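All remarks here apply to the structure that follows.
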Amino acid sequence: PESYTDKKKSAPRKKTAVKKTTLSFDGQKLDADEDWVQKMDNMWMLGNDAVISMASLPKSVGDTPRSEALIIRRLLEGNGTSYADWRYVSVRNADRSCTLGAVFYDGAKKKAARIVRKLTKMSDGSYAFFTLSVFEDAYSADKSYFDRIVDSYTVSAF
């Protein structure tokens, strides 16, 4: 599809003052607000619109630049009925980290989700791994809100 947002069904987030909070797991943290509900030690949900998760990935066997490329490739693959729309894919490398952004479309459900993932290589070869997944309608209705959350993500010790 040319556009994934359904302008008639978009319900923008309420712009009321919500208390700021920090979401954190295993040396990773970000700034959010109290609308995010913690569901597991490392997972928070914003109603039915979005989910944040933080994890640690172990050091790859045969830790080489190729293994990093394979991780990135796998994170950009679809699954089952979903696929990445390559028009909306970005890969940004920085010192010891990589940020992946993509819109994944699920043809069976007729829904699109914007997914941002950040991989940060730790000194022991493992990775801090952050994911924000948000339905495209919700993202389009409040892009700056979600972008601020992604931009606030940090890893304390790498």
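The numbering used here applies: residue 219 is where the sequence shown begins, and numbers increase by one. Quick reminder that beta carbons are idealized off the backbone N, C-alpha and C, glycines included. All values reported here derive from a predicted model rather than from experimental measurement.
With respect to the beta strand (DSSP E) encompassing residue i, which residues constitute its N-terminal and C-terminal limits?
i, result
"residue 331", "329-339"
"residue 310", "308-312"
"residue 248", "246-251"
"residue 275", "268-275"
"residue 350", "345-353"
Go to residue i, then tell me how far its alpha helix (DSSP H) extends in each direction, as first and last residue.
i, result
"residue 362", "361-370"
"residue 326", "First-last for residue 326: undefined, no H or E at that position."
Going by alpha carbons, who is nearest to residue i out of the options?
i, options, result
"residue 350", "236, 241, 237", "241"
"residue 336", "327, 265, 326, 368", "368"
"residue 269", "258, 278, 275, 276", "258"
"residue 297", "250, 304, 322, 288", "322"
"residue 365", "239, 332, 374", "332"
"residue 312", "306, 299, 338, 292", "338"
"residue 348", "236, 245, 237", "245"
Take the Cβ of residue i as the centre, count every other Cβ of all protein chains shown within 10 Å, and call the residue buried at 16 or more, exposed below.
i, result
"residue 352", "buried"
"residue 318", "buried"
"residue 254", "buried"
"residue 358", "buried"
"residue 373", "buried"
"residue 307", "exposed"
"residue 225", "With a pLDDT of 48 at residue 225, under the threshold of 50, the modelled position of this residue cannot be trusted, and the question is left open."
Name the DSSP bridge partner or partners of residue i?
i, result
"residue 318", "309, 335"
Under 8 Å by Cβ, that's how I've got residue i and residue j pegged, so tell me the actual separation to the nearest angstrom.
i, j, result
"residue 271", "residue 260", "6 Å"
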